[in-house]
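Here's the structure, in structure tokens; my notes come after.
In our numbering, the protein residues as written are 13 to 124.
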């Protein structure tokens, strides 16, 4: 194998490995979104970092990269939706009176 062919194989392998790492990161987020209890029990410890000096993405890996991007965007949209829902729920619960601070009658005597 020539040096040029070897470099092309190394370049493609490096991009494949980078996409593998990125896909595992998206899968971890999707898994946490599917199981809310898991988020509290095991927060992510190793965040994905983009590799450096890879060069251009090989054309044959473009469909896979596009699919990963689509999944990332869907996960980000779901996270935003859940954050909004949490804020709305917090706003609603903050308006609920527990009766602790203000003493009010619990019944009205209509017999009089």
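From the three backbone atoms N, C-alpha and C, an ideal C-beta is built for every residue, glycine too.
Minimum C-alpha distance to residue 95 - residue among 45, 36 and 37: Within the chain shown, numbered from 1, the residue matching residue 95 stands at position 83. If we check each option's Cα against that of residue 95, 45 comes out closest.
Distance, residue 23 Cα to residue 89 Cα: Here residue 89 is taken as the residue at index 77 of the chain shown, counted from 1. Here residue 23 is taken as the residue at index 11 of the chain shown, counted from 1. Going by the C-alpha atoms only, they are around 32 Å apart.
Starting from residue 64, trace the alpha helix (DSSP H) in both directions and tell me its first and last residue. As a position in the chain shown, residue 64 is number 52, starting the count at 1. Element bounds for residue 64: n/a, residue is neither H nor E.
Would you tell me roughly how many angstroms separate the C-alpha atoms of residue 28 and residue 77, rounded to the nearest one? On the chain shown, residue 28 is found 16 positions in, with the first residue counted as 1. On the chain shown, residue 77 is found 65 positions in, with the first residue counted as 1. Computed Cα separation, rounded: 10 Å.
Since I believe residue 21 is in contact with residue 87 (beta carbons under 8 Å), could you give me their beta-carbon distance rounded to a whole number of angstroms? For this step, residue 87 is matched to residue 75 along the chain shown. For this step, residue 21 is matched to residue 9 along the chain shown. Wrong, their Cβ atoms sit about 32 Å apart, outside the cutoff.
Once DSSP output is grouped into helix, strand and coil, what is the label at residue 60? Taking the chain shown and counting its residues from 1, one reaches residue 60 at position 48. Coil, per DSSP.
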